[in-house]
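First residue of the sequence shown? That's 198 in the numbering used here, and the numbers climb one at a time after it.
We put the CB at the ideal spot given by N, CA and C, even for glycine.
Every value quoted in this text rests on a predicted model; they were computed, and no experiment measured them.
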Amino acid sequence: MKRAKEIALKIRDAESVVVISHIDADGITAGSIAARSLERLGKDYRVEFVKQLDSRKIEELKDENPPLVWFTDLGSGMIHEMYGLNAVITDHHVPSSLHVVIPKHARKNLRTFFEEMSRTDVLHLNPHLFGKNGAVDISGAGTTYLVARELDRRNVDLSALAIVGAVGDLQDSEYLKLIGTNRIILKEAKEHGFVDYFLDARFFGRETRPIYKMLQYSTDPILPTLTGDEKACINFLRELGIPLKRENWRRWIDLTFEEKRLILSELVKLILRMGYGHELAERLIGEVYILTKEERGTPLRDAKEFATLLNACGRYNKAIIGYNVCLGDRDSSYKEALKMLNRHRRNLVEGLNFVKEIGLIKREYLQYFHAGDRINENIVGIVASMLLSEETREELPIIAFANSEDGNIKVSVRSPRSLVNRGLDFSIIMKEASAKVGGYGGGHNIAAGASIPRGKEEEFIEIVEKMIKKMLDK
Ligand code: C5P
Ligand code: C5P
Ligand code: ZN
């Protein structure tokens, strides 16, 4: 790819590089890919993880004025403010150059604003610039990997991290496999023996959890009468004659082919009997991604588990721990990451239970909840994703609010794919609606977010609902 080559050239020319990346699984893998390739080039570099790239951070970087800034898994939404910075971007969020929203401070001097926007000489690799959908085609780790492989052929080992990043952003969730540019990376990873893939149950925890626990915690798809109920899961397996324990608790990877087939066919029957339909049943099976160089039975072996481990670090402001694990630490950082993973899983379950307690508020075009201080702003989006996958019969997007530590309100939104297929695009809605109440936002059509001032939630919901209606009516 020509753009990846140009970016690689610019990186080679730089005396030193500051890498800025996002705190989630995709951002951490992207930052790790950038770091390892800079290390192999023998460059001076520093990596920083941020929750969001805002104007303040960009001003800070302009003041520091490093020879080159490499933004990974973020930056596209702020390219209009980067004039004066020597930078490259490998990202997959919807670029601000595609939907210009003029920030308040620029309204007085529109000419300067547009001049600066057009003068920016930032090199930018992003699937949206090539007519592709950044929510499924490739992740931030993937675009970063495309540059890494131009820098050094040895970097092909980093393809495994690119797959973890894509899975971390749920890019396999719509088609139950990775498609587009992700698939090219996947094939390369397989060819070189770093990743294997095949069809199997899509459950989280195939490698590490006792089977009954795996069923109990299944949220995509939810298993009617089983999800959330330990006893029911144990009984279900006993009735099928599946031994739960040999020397240790048996995990999915310990079962025989026949046992797996029996469980899956009974689950399909159960889902259909409970009236959930084929669409949910089909989500039981899909492509799974195995990191062949990682030890069997550890959370690093399965891309989905690896990504969750990274989220468990990054989303609690410990991205560096996950980054160390990506770069090979299997000692102190890995141990710390495992602890954080447990806490993260507990927080998600508590978050889900909390929303079930207070209930989702339903409106004509959306449903929402306000978590206040009860759910951490960094995981409220994951909770919204899980709630949506439980609600296959509801065709409403979920908007989630949580108090942010910076005094504002964090907004996360997740949309059913059926609405996205009908033209709904939350990257635009979050961006425009938040700007109207004095905040900022962006993301992808199917999953997006924003930050808005406290007290503006009602007004924001009104604006968002009007925009959804308008987009769907078009
Ligand atoms: O910032 P970033 O692009 O990495 O975040 C993408 C987000 O989109 C992830 O949190 C992921 O959970 C969400 N997503 C989703 N459903 C999809 C695709 C992505 O909820 N089908
Ligand atoms: O935080 P959450 O997982 O809900 O984020 C969903 C998507 O929205 C991510 O891609 C994130 O980068 C984006 N987002 C954004 N601006 C914000 C908050 C989230 O672009 N203020
Ligand atoms: Zn991403």
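Alpha carbon of residue i to alpha carbon of residue j, nearest angstrom
i	j	result
residue 348	residue 206	8 Å
residue 382	residue 618	26 Å
residue 464	residue 478	8 Å
residue 265	residue 284	5 Å
residue 353	residue 389	8 Å
residue 248	residue 511	9 Å
residue 598	residue 569	7 Å
residue 622	residue 292	13 Å
residue 275	residue 252	8 Å
residue 377	residue 444	43 Å
residue 669	residue 480	26 Å
residue 607	residue 581	13 Å
residue 547	residue 505	16 Å
residue 201	residue 288	12 Å
residue 456	residue 441	11 Å
residue 562	residue 615	13 Å
residue 658	residue 324	30 Å
residue 331	residue 221	16 Å
residue 558	residue 647	19 Å
residue 415	residue 631	33 Å
residue 595	residue 373	21 Å
residue 532	residue 232	22 Å
residue 255	residue 282	9 Å
residue 257	residue 290	22 Å
residue 240	residue 210	10 Å
residue 663	residue 560	11 Å
residue 344	residue 259	24 Å
residue 567	residue 208	43 Å
residue 535	residue 250	28 Å
residue 671	residue 446	54 Å
residue 476	residue 462	15 Å
Reference residue i, options the options, closest by Cα
i	options	result
residue 386	487, 400 and 433	487
residue 489	498, 448 and 482	498
residue 278	243, 319, 244 and 245	319
residue 246	514, 210 and 615	514
residue 639	610, 664, 659 and 665	610
residue 339	280, 483, 282 and 223	223
residue 572	592, 550, 593 and 257	550
residue 666	642, 620 and 645	620
residue 578	560, 601 and 592	601
residue 643	603, 426, 612 and 336	612
residue 370	483, 345, 426 and 342	483
residue 492	517, 428 and 392	392
residue 586	553, 418, 476 and 567	418
residue 329	461, 641 and 467	641
residue 198	261, 326 and 509	326
heavy atom of ligand 4 below 7 Å from residue i C-beta
i	result
residue 273	Questions concerning ligand 4 fall outside what the structure shown contains, since the ligands it does hold are ligand 1, ligand 2 and ligand 3.
Chain-order list of residues whose beta-carbon lies under 6 Å from that of residue i (same chain, five-residue window excluded)
i	result
residue 321	286
residue 656	634
residue 215	243, 263 and 266
residue 380	none
residue 212	264
residue 397	485
residue 218	224, 227, 228, 246, 269 and 270
residue 496	405, 502 and 506
residue 427	413
residue 334	324, 377 and 378
residue 394	484 and 486
Close-in-space but distant-in-sequence residues of the same chain around residue i (CB under 8 Å, 5 per side omitted)
i	result
residue 635	301, 649, 650 and 653
residue 237	348, 349, 351 and 352
residue 494	404, 405, 448 and 450
residue 565	557, 558, 595, 596, 597, 598 and 658
Close Cβ partners of residue i (< 7 Å) along its chain, the five nearest in sequence each way excluded
i	result
residue 430	409, 412, 413 and 423
residue 229	358, 520, 523 and 524
residue 576	512, 544, 545 and 548
residue 346	352 and 353
residue 235	214 and 242
residue 400	411, 415 and 449
Interface flag, residue i vs chain D, CB-CB below 8 Å
i	result
residue 340	In the structure shown, chain D cannot be found, because there is only a single protein chain.
Would you be able to state if there are at least three C-beta pairs under 8 Å between the segment 458-474 and the segment 408-426?
Yes, the segment 408-426 touches the segment 458-474.
Residue list, Cβ distance to ligand 2 heavy atoms smaller than 5 Å:
Cβ-based neighbours of ligand 2 within the cut-off: 578, 609, 638, 639, 640, 644, 645, 646, 647 and 648.
Using 8 Å as the threshold, is the segment 526-541 in touch with the segment 623-643, meaning 3 or more CB pairs across them?
No, they do not touch.
Evaluate the contact criterion for the segment 363-375 versus the segment 500-507: three or more CB pairs, one atom per stretch, below 8 Å.
Verdict: yes, contact present.
Could you tell me whether the segment 426-442 touches the segment 518-527, using the rule of 3 or more Cβ pairs below 8 Å?
By the Cβ criterion, the segment 426-442 is not in contact with the segment 518-527, since fewer than three pairs of Cβ atoms, one from each stretch, lie closer than 8 Å.
Around ligand 3, Cβ to any heavy atom closer than 6 Å, ordered along the chain
Here the residues come out as 223, 270, 289, 336, 337 and 366.
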